[in-house]
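**Student:**
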Amino acid sequence: MNEPTTDERPTDAQREQETGCCSGRHEHALSESAVATDVELLATLGNDTRYEALRIIAAADDDVCVCEIEPALGVSQGAVSQALSRLFSAGLVERRKEGRWRYYSSTPRAEGLLAALDETRGDVRD
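Residues in the sequence shown are numbered consecutively from 104, following the numbering used here.
1) Short check: CB of residue 198 to CB of residue 205, under 8 Å?
2) Within this structure, are the beta carbons of residue 187 and residue 178 separated by less than 8 Å?
3) May I ask you to list the residues that DSSP assigns as paired with residue 170?
4) Between which two residues does the alpha helix (DSSP H) containing residue 135 stretch?
5) How is the beta strand (DSSP E) around residue 222 delimited, first residue to last?
6) For residue 182, tell me which candidate among 223, 193, 201, 151 has the shortest Cα-Cα distance.
7) Measuring CA to CA, which of 139, 132, 147, 136 is closest to residue 191?
8) Spell out the partners DSSP gives residue 207 in its beta bridges.
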């Protein structure tokens with residue numbers, strides 16, 4: 104087999120013949136920025152409190168007051184506040200302030216993500 108000179112790169116066929124494997128070329132479908140955004144989004148949902156808070160908000164027919172989320176999760180007000188702040192930063196919830204209360208609603212992004220999880224979950228045993 105002809106060895107490539109230092110100025111040449113091996114062809115896919117040469118590389119496959121040498122390694123007995125594929126070409127080693129893999130193209131990324133997403134930009135680095137998109138990958139970072141997706142990883143941050145998934146990390147946001149990787150916490151029980153945040154995930155359950157998002158499920159409560161998404162299942163509601165109307166905006167949900169913070170005062171309703173806290174007892175449903177059984178965690179401190181501080182933990183709920185941090186969870187909601189992270190969900191907001193990730194673009195999964197919208198919030199509005201009315202007097203001294205904040206109300207939350209899910210975004211289309213959150214609803215799409217939760218729907219995808221529901222559709223792909225399959226028959227998961229408890």
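The C-beta atom is built at its ideal place from N, Cα and C for all residues, glycine as well.
**Tutor:** On the basis of the data shown:
1) Pairing residue 198 with residue 205 gives a Cβ-Cβ distance under 8 Å.
2) The criterion of a C-beta distance shorter than 8 Å is not satisfied by residue 187 and residue 178.
3) Residue pairing from DSSP leaves residue 170 without any beta-bridge partner.
4) For residue 135, the enclosing alpha helix (DSSP H) covers residues 135 to 148.
5) Element bounds for residue 222: not the beta strand (DSSP E) but the alpha helix (DSSP H), 211 to 224.
6) Nearest option by C-alpha distance: 151.
7) The option with the nearest alpha carbon to residue 191 is 147.
8) Beta-bridge pairing links residue 207 to 167, 198.
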